[in-house]
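Here the structure is laid out as structure tokens; the discussion comes afterwards.
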Amino acid sequence: WKWAGEPYKSTMLITPQADLEVKYRGNVRPFTCWLMQWPTAQREIDAAVEDGYWSVPAFMYANDLYEKYALIPEKFISQIYMGDELFKKYTDLNAELSPQMNPIINDFKNRALNGEIANFNTEWTQYIDSLYAAGMQKLIDEVFNLDEYEKYSPGDKYKIKAPLY
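At position 164 of the sequence shown (counting the first as 1) the number is 166 in the numbering used here, and the numbers step up by one without a gap.
As structure tokens, this is what we get:
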């Protein structure tokens, strides 16, 4: 493809596959991961500023609210961040400890959603203590606090407003 005019603001002129070299034909987007769709954030911001049409995504991107309010965990349970051995250890420990921890989690969640908790501060402390007693401490000591468990990095995914390619 090529731009009809100014890059990122004009229409993309798509080259028909029949006109492409053979090596470029076929599925041309196999490795785009989360960018499966063309990022339109900058185009939406420009339209909002120039034409006054503000959408929620345009406002969020223009004011960097996606990045500001993103819930970014300290560590992310993933084989990529943990490595194969640690991930297997986590899944085994989690399978072993879940029968003890899940009833505690479900009970607290149900009582909270049904408005049955009078004092969240004291109940929360009891809830956390119960989780630790049911095996959470073992998970923390043997998995989460290890140095080989890398901290999560969101990269630039909340900053990207225009295509990378």
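Even for Gly, the Cβ is constructed at its ideal location relative to N, Cα and C.
{"query": "Taking residue 44 as the reference, which of 66, 23, 24 has the closest Cα?", "result": "66"}
{"query": "Buried or exposed for residue 84, going by 16 or more other Cβ atoms inside 10 Å?", "result": "buried"}
{"query": "Within 10 angstroms of the Cβ of residue 144, are there 16 or more other Cβ atoms? Answer buried if so, exposed if not.", "result": "exposed"}
{"query": "Taking residue 169 as the reference, give the member of 14, 3, 77 with the closest Cα.", "result": "The structure shown does not extend to residue 169, since the chain spans only 3 to 167, so no value can be given for it."}
{"query": "Could you tell me the boundaries of the alpha helix (DSSP H) in which residue 26 lies?", "result": "Element bounds for residue 26: n/a, residue is neither H nor E."}
{"query": "My output table needs one value for residue 37: the three-state DSSP class, helix, strand or coil.", "result": "Here the model assigns residue 37 a pLDDT of 49, short of 50, so the residue's position is not dependable and the matter cannot be decided."}
{"query": "Near residue 136, what residues of its chain come up, given a Cβ to Cβ distance below 8 Å and the 5 sequence neighbours on each side ignored?", "result": "99, 102, 103, 106"}
{"query": "So, for residue 15: in the same chain, excluding its five sequence neighbours on each side, which residues have a beta-carbon less than 8 Å away from its beta-carbon?", "result": "3, 4, 5, 6"}
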